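2 protein chains.
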Amino acid sequence: MSSPDKVFEALGSTTRRRILAYLSEAPLAAGEIAKRFDMSQPAVSKHLSILEGAGLVWRERKGQFVTYGMERATLAGTLAGFLQEVCPPSRALKKEAKARKGS
Amino acid sequence: MSSPDKVFEALGSTTRRRILAYLSEAPLAAGEIAKRFDMSQPAVSKHLSILEGAGLVWRERKGQFVTYGMERATLAGTLAGFLQEVCPPSRALKKEAKARKGS
DNA sequence: AAGATATATAGCTAATAAGTTAAAAGGTTT
DNA sequence: AAACCTTTTAACTTATTAGCTATATATCTT
Chain A
1 MSSPDKVFEA
11 LGSTTRRRIL
21 AYLSEAPLAA
31 GEIAKRFDMS
41 QPAVSKHLSI
51 LEGAGLVWRE
61 RKGQFVTYGM
71 ERATLAGTLA
81 GFLQEVCPPS
91 RALKKEAKAR
101 KGS
Chain B
1 MSSPDKVFEA
11 LGSTTRRRIL
21 AYLSEAPLAA
31 GEIAKRFDMS
41 QPAVSKHLSI
51 LEGAGLVWRE
61 RKGQFVTYGM
71 ERATLAGTLA
81 GFLQEVCPPS
91 RALKKEAKAR
101 KGS
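Note that the protein sequences, when read in sequence, are chains A and B. The letter at position 41 of the first sequence is residue 41 when you use UniProt numbering, and the numbering goes up by one with no holes. The letter at position 51 of the second sequence is residue 51 when you use UniProt numbering, and the numbering goes up by one with no holes.
Right, dumping it as C-alpha cells:
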C-alpha cells in the first residue's frame, strides 16, 4: 500500500523528482541513474529506495544489475486524489459561486 | 513566481496538506486554523508562511485578523505540470507500447 | 494612551534528512 | 574459489526542519 504521506514526502525532494523524470522516459539500472547526478552512488541508491517505499517506482533484479522503472499509477492516483480533495470539481466551486453571489 | 520546488516542498508536510484541506472548504483566519491543530499557534503561523511562499495560499489582513485562502491555480497548475512531465499522455505511452511489441 | 486580542518573529532545542566513505551482499566470469 | 562488477547497507557528520516559549508588532476597544 502506498500512503499519500509517503508519496508526498518522496516528491518533496528535487533530486527524487528528477529521478522520476528520467524514469518516465524509460526504465534504467541504478548505476545509469546515479551517473546522471553529481553525488555518490549510495546517495542515489537511498533516494531510489525511498521512491520504492512510496510505491512510485518498481525494482527488478537483472543479473548483477537492478532496473528501476516508474509506477505511473501511484503517482497519477495520489496526485489526482489530492487534487480532488482540495480542488474539488463541483463541491467547493459551487460553494464559492454561491458566496460570491451573496456578497 | 511559484516554483515547483517550493510547491512540492510545501506539500511534503502532512500538516501543511491538512491546512490546505481546511482552506479548500473556505478561507479561514490564522487563529481558526491554529485551533484545528494540536500544536502552538506560532508553529502553525510558520506553516502558513511556507504555504504562502510557495504561492499555495493568499493572505489578507482584516483588521486584527489575517485571513488565509487557497490559491487553487498554483496547486492545480503545478501538479498538472508535473504529471504531464512524468506521466505524459502520449509520448511515453506510445514509446512503451512500441517497446512491448518489440520484445 | 492603556489594555486586550490576533498574528508574526526571534532564539533556542531536538528530531530528521541528506550526504560522505567504508564495508557487505549479490551475481558474473574465468 | 578468486577476482571483479553492481548495488545496498552501515556508521557517521552536517544541514535542515519542526516544534517550543518568549517577545514584538498590529489592530481594536475603552
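All residues carry an ideal CB built from backbone N, CA and C; glycine is no exception. These figures come from a predicted structure and were not determined experimentally.
- Going by DSSP, B/Phe-8 is part of the alpha helix (DSSP H) stretching over 4-11.
- Distance from B/Gly-12 to A/Leu-11 at the Cβ level is roughly 7 Å; contact confirmed, criterion being Cβ atoms closer than 8 Å.
- Between B/Val-66 and B/Ala-34 the beta-carbon gap is near 11 Å, outside 8 Å, which marks them as no contact.
- A/Glu-32 and A/Ser-45 have their C-alpha atoms spaced approximately 11 Å apart.
- Along the segment 6-37 of chain B, the positions whose C-beta sits under 7 Å from a C-beta of chain A are Phe-8, Glu-9, Leu-11, Gly-12, Thr-14, Arg-17, Leu-20, Ala-21, Ser-24, Glu-25, read in chain order.
- Look at the beta carbons and you see the segment 69-77 of chain A touching the segment 47-56 of chain A: at least three pairs across the two are nearer than 8 Å.
- About 11 Å separates the beta carbon of A/Cys-87 from that of B/Ala-21, a gap too long to meet the 8 Å contact definition.
- If you ignore the 5 residues before and after B/Pro-27, its C-beta comes within less than 7 Å of the C-beta of Thr-67, Tyr-68, Gly-69, all in its own chain and listed in chain order.
- For B/Ala-43, the closest Cβ of chain A is not nearer than 7 Å.
- Annotation for A/Arg-61: the continuous beta strand (DSSP E) segment containing it runs 57-62.
- Going by beta carbons, B/Arg-16 and B/His-47 fall inside the 7 Å limit.
- Taking 7 Å as the CB threshold, B/Arg-72 lines the interface with chain A.
- Contacts between B/Ala-76 and chain A, judged by CB atoms closer than 8 Å, involve Leu-83, Cys-87 in chain order.
- Around the beta carbon of A/Thr-78, a 10 Å sphere encloses 16 or more other beta carbons of the protein chains shown; the residue is thus reported as buried.
- Residue nearest to A/Ser-24 within the set A/Ser-40, A/Trp-58, A/Asp-5, A/Lys-62 is A/Trp-58 (criterion: CA-CA distance).
- Per DSSP, reduced to three states, the secondary structure at A/Ala-80 is helical.
- Annotated as proximal: A/Asp-5 and B/Thr-14, with beta-carbon spacing under 7 Å.
- In the three-state reduction of the DSSP assignment, A/Ala-26 falls in the coil class, being assigned neither a helical nor a strand state.
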